[in-house]
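Protein chains in written order, with my numbering: chain Z, 1 to 88; chain C, 1001 to 1102.
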Amino acid sequence: MVMTAAAFDQAVRLLILDDGVFLLKRGQRPVAPLFEALALYDVEDILVERESLRERQLTAEDLVIPVRVVERADIAGLTAAHDVVIPC
Amino acid sequence: MATLHLVNRSPSESRTLEHCLARAGKGDAVLLIENAVYAAVKGADFEAVIESAAGRVGFYVLAPDLEARGIKTSEIAGNIGLVDYGGFVDLTADYQPIQFWF
């Protein structure tokens, strides 16, 4: 979904919450290449919520790609700044 | 503009509603549809979840989904607004963006 939107020249930002952060955890087989491919689609702003990481004993260093860590309290403002929100 | 959050899972089957409320901002609206309408029942286990956010976000419940589940409007907590399908459409026009949680 993210790649489809990006392929149509939409500015796309990816926000990863809750168990979604496990998808980025290092050491899993099929997932890393998929997330590494996001850069090819110019999806470079990948946001991960600090609290979601912390609740799962993870830090940004445990993840397969570089991410921007954001606070839970900032999510509402971030969401409101976008035209369209697509859950995946 | 403020965000409209759509939640369709019962709070006893999934933590979607809590996940939504953890991120909803002041002035946002949350519309409970499908099995999420069970969260709106007055005195039910999840009333506290709704109450914890009631001052910050506006709650709405989709009346046809209540009716389909045999829940009367008198059984709904007082701080939750009832909307029909037309009201659902109005909410989608009044809020921007719309975020679906599942």
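We treat Cβ as the ideally placed atom computed from N, Cα and C, and that holds for glycine.
Quick caveat, the model's predicted, so the values are computed rather than measured.
Near C:Asp1084, what residues of its chain come up, given a Cβ to Cβ distance below 7 Å and the 5 sequence neighbours on each side ignored? Counting from 1 along the second sequence, the entry for residue 1084 of chain C is found at position 84. Once the five neighbours on either side are set aside, the close Cβ partners of C:Asp1084 are Ala1063 and Pro1064.
Drop a sphere of 10 angstroms on the beta-carbon of Z:Ile86, count the other beta-carbons inside from all chains shown, and report buried for 16 or more, exposed for fewer. In the first sequence, counting from the first residue as 1, residue 86 of chain Z sits at position 86. With fewer than 16 Cβ atoms within 10 Å of its Cβ, Z:Ile86 is classed as exposed.
Close beta carbons around C:Gly1058, own chain, < 6 Å, minus the five adjacent residues each side: Start at 1 with the first residue of the second sequence, and residue 1058 of chain C comes out as number 58. Correct list, in chain order: Ala1029.
Beta-carbon of C:Ile1098 versus every beta-carbon of chain Z: anything under 8 Å? Residue numbering aside, residue 1098 of chain C sits at position 98 when the second sequence is read from its first letter. Closer than 8 Å to some Cβ of chain Z, the Cβ of C:Ile1098 qualifies, so yes.
Using only the alpha-carbon positions, how far apart do C:Phe1046 and C:His1019 sit? On the second sequence, position 46 is the one that residue 1046 of chain C refers to. On the second sequence, position 19 is the one that residue 1019 of chain C refers to. Between the alpha carbons of C:Phe1046 and C:His1019 lies a gap of roughly 14 Å.
Anything in the stretch 3-34 of chain Z with a Cβ closer than 8 Å to a Cβ of chain C? List those residues in chain order, please. Leu17 and Asp18
Closer than 8 Å, CB to CB, is Z:Ile46 near chain C or not? Counting from one through the first sequence, the residue named residue 46 of chain Z turns up at place 46. Output row for Z:Ile46: interface = no.
Pull out every residue of the stretch 60-80 of chain Z whose Cβ sits closer than 8 Å to any Cβ of chain C, in chain order. Those residues of the stretch 60-80 of chain Z placed with their C-beta closer than 8 Å to a C-beta in chain C are Arg72, Ile75, Ala76, Gly77, Thr79 and Ala80, ordered along the chain.
I'd like the list of long-range same chain contacts for C:Ile1076, defined as Cβ closer than 8 Å, with 5 residues on each side in sequence excluded. In the second sequence, the residue the question calls residue 1076 of chain C occupies position 76. Ala1040, Val1041, Lys1042, Val1061, Leu1066 and Leu1082, listed in sequence order.
Along the chain, where does the alpha helix (DSSP H) containing Z:Ala76 start, and where does it finish? Sequence index remark: in the first sequence, residue 76 of chain Z carries index 76 (1-based). First-last of the alpha helix (DSSP H) with Z:Ala76: Ile75 to Ala80.
Reduced DSSP category for Z:Gly20 - H, G, I as helix; E, B as strand; rest coil: The residue you call residue 20 of chain Z lines up with position 20 of the first sequence. Reduced to three states, the DSSP call for Z:Gly20 is helix.
Does the structure place the stretch 10-28 of chain Z close enough to the stretch 40-48 of chain Z that three or more beta carbon pairs sit under 8 Å? yes
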